[in-house]
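Remarks on the structure that follows.
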Amino acid sequence: MLRRRSSFALLAVALLATSAFTIRRLGTAQPPPADVIYVNGRILTVDATDRVAQAVAVAGNRIVAVGTNADAERAAAPNARRIDLRGRTMTPGLLDAHVHFSGSGADQIFVIDLSYPNVKSVADAAAAVRAKAATLPKGTWIQGRGWDEGKLAERRLLTARDLDAASPEHPVYLTQTTGHYGVANSVALRLAGITDTTPDPPAGTIDRAPDGSPTGVLKEGAQSLVRRLIPPRTVAQTERGIREMVKAFNAEGMTGGKDPGISSQTWELYRKIMADDSLSVRIFALWSGGRSVEGATRVIAEHAATSRPYESTGDDRLISGGVKLYIDGSGGARTAWLYDDWNMAYRDVDRGNRGYPTSNADTIRLLIRQYHDAGMHVSVHAIGDRGIDWVMDSYEQAMRENPKRGLRHGIIHANIPSDHAIAVMAKLQREMDAGYPEPSASFNWWLGDSYAGNFGEKRALRLNPFNTYRKNGMTWANGSDFGVTPFAARYGIWSAIARETLLGTYGATPFGTAESVNVQTALRAATIWTARQMFLDSKIGSIEVGKYADLAVWDRDFYTVPTAAIKDAKCLMTVFNGKVVYRAEGSSW
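Each residue of the sequence shown is one higher than the one before, counting from 642 in my numbering.
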């Protein structure tokens, strides 16, 4: 009983402190009366002191009070709607720092879903292709995505031979879940002219059998040999994919994301969807930065003047944010750029394979400098330790020669940074407001059984070194990389804490737990720290007076449930810009 009374006393003190904090934030400015209040909740504010409140008041699209029920009631208009959370937990709307929102939404609709658990074996993949072939005229392309050899019973890559009997009269290309490699059947290889004598293209690999014949697996730049033959997706298909993704995001309590590598056509689709009030997520778009100085010059001419989020984020709904570049490949394909040889099967070594830059490394350094000088925010895909070092050294050189504080340059994925890279990240964050990792915690889980085998027993311990980041005073912004991993941010929050793989091929935690962080930190990476990389941290990412009312209500309290329970959290309601955009089935709200 004493313990229970102490808990109530502590809660009362916390609520009083929150109430005082709310009053201070309101100051002398009188906000408009709230038209809706949320009471009797457990409000995880994710503010600077990580306060837990009881109620929130919203006027229009803005938060006007955070504190006790009494605070919310005082802020309410006489006819305000009162929503009783009945003890449920509210968080800021969750955010995704790296999500292929515009492309992967359509993938979910128009290509075969080969992800686990749909496909657990080579035979499952062949059966899915066979079923699709039966519905299509001969010669029609068949596409699929999501297979992962680390989740197959055979623990090996798919090959053309696996697919040929299932599709003798249809060209097939099945993209592996990372997107950095895939497999073509013999019909597709023949159409592409890929034979025993076809040389590897620049920054690409044609996988070969011991006799030199192509296996059907194409990595990085080699994929274009087949992909260029596949009919492009229509504008209508992309639009449908975006609209469906908006709904799916909202159903997971998600209200914003950073979409990398978009085109002008995609931008116009976003504008169209926003115009009919259907874009209930905030999109921070990165333009495709290209691979040449000439290409970068064109991008700068077209977009630099309107891509200055440190000066203005416009309507805060659709933001032209900067550019995305690549330095290397994938941890799944063993093409990311390393200092030492890749591993295989955890303890074996892939002799002579240290990956490679997917573009000329010196050119990428020039492009980083070119975009930096133009005042554009840059995020660069970098997986391997050598690739990450190259990017960080490029950022540091650009800042040293042309200091520009506040561009918040990012490192997408940053899987296994060296001690040197981490030191440069920490220095640039402190001194120049740049050098922010944009990792995917869910890689440990969804890709973990392949990743552990490829990175190897020692190097795997460095994957996503979040605890080391905190020790160095750093922040990061978490992303899903959807459709590489599932997009629900709850998976990333859980994975940052648990660091467990999906199937436990090399044990449950081959990445160790020394780099785990607590739930409060994991939630910050999916809210306020991602908001910062979207240049919206003064407007979203925490539940504070004056910010947009982007909110999510959950069936459990992330801060108190066992870690394993976070992964299965259910969103009950999502509020975007003050409006309820999702209610769980059966909800009375």
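Even for Gly, the Cβ is constructed at its ideal location relative to N, Cα and C.
In three-state terms, what does DSSP make of residue i?
i, result
"S1035", "helix"
"D989", "strand"
"A1082", "coil"
"R665", "With a pLDDT of 39 at R665, under the threshold of 50, the predicted position of this residue should be treated as unreliable, and no value is reported."
"N710", "helix"
"W1230", "coil"
"R1006", "helix"
"L755", "coil"
"M731", "strand"
"A942", "helix"
"T976", "coil"
"G1219", "coil"
"N720", "strand"
"A700", "strand"
"D917", "coil"
"I1052", "strand"
"S1000", "coil"
"Y787", "Reading off the sequence, residue 787 comes out as Gly, not Tyr. G787: strand per DSSP, three-state reduction."
"Y1132", "helix"
"W782", "coil"
"V934", "helix"
"R949", "coil"
"N984", "strand"
"I1269", "The structure shown does not extend to residue 1269, since the chain is modelled only from 642 through 1230, so no value can be given for it."
Nearest by alpha-carbon distance to residue i: which of the options is it?
i, options, result
"S1121", "M895, S1035, D1198", "M895"
"V934", "E893, Q906, H944, D1003", "D1003"
"D1196", "A1210, D737, A1118", "A1210"
"T1154", "R1103, D1191, T1146", "R1103"
"P1203", "L1143, W1135, L1213, V1221", "W1135"
"F1128", "C1212, I684, F742", "F742"
"Y1092", "I1138, L1144, R1046, T947", "L1144"
"Q906", "A689, G744, A1206", "G744"
"S762", "G1148, D803, E1156, A794", "A794"
"Q1070", "I903, G787, E1037", "E1037"
"G962", "A833, G834, D969, Y1012", "Y1012"
"P733", "K1208, A1205, F1199", "F1199"
"A974", "V1019, G1025, W928, Q671", "G1025"
"D1060", "M1017, W1087, K1112, K1045", "K1112"
If you check the beta carbons only, do residue i and residue j fall under 8 Å apart?
i, j, result
"T819", "V1186", "no"
"A706", "A716", "yes"
"V867", "A829", "yes"
"G897", "I1181", "yes"
"I1009", "L1048", "no"
"L736", "T1168", "yes"
"N702", "G1219", "yes"
"L726", "L815", "no"
"A1055", "A1023", "yes"
"R1140", "S1157", "yes"
"W928", "V964", "yes"
"P1078", "I1057", "no"
"W788", "L799", "yes"
"N1105", "A1166", "no"
Under 7 Å: does the beta carbon of residue i sit that close to some heavy atom of the ligand HEM?
i, result
"S808", "Although the ligand HEM was asked about, the structure shown includes no ligands whatsoever."
Tell me the residue span of the alpha helix (DSSP H) that contains residue i.
i, result
"H1061", "1060-1073"
"L804", "801-805"
"R683", "Note, R683: premise wrong, no alpha helix (DSSP H); beta strand (DSSP E) at 683-685."
"A1092", "What sits at residue 1092 in the sequence shown is Tyr, not Ala. Element bounds for Y1092: 1089-1096."
Go to residue i, then tell me how far its beta strand (DSSP E) extends in each direction, as first and last residue.
i, result
"A928", "Strictly speaking, residue 928 in this sequence is Trp, with Ala absent from that position. Its beta strand (DSSP E) spans residues 923-929."
"K965", "959-967"
"T816", "813-817"
"V1202", "Where V1202 is concerned, there is no enclosing beta strand (DSSP E), given that its DSSP letter is neither H nor E."
"V1021", "1018-1023"
"A825", "822-825"
query: At which residue ranges does the stretch 835-910 contain complete beta strand (DSSP E) runs of 3 or more residues, listed in the order of the chain?
result: Within the stretch 835-910, the complete beta strand (DSSP E) runs of at least 3 residues are 845-849, 855-861, 895-903.
field: Ordered list of beta strand (DSSP E) runs contained in the stretch 1148-1193, each at least 3 residues
entry: Qualifying beta strand (DSSP E) stretches: none in this window.
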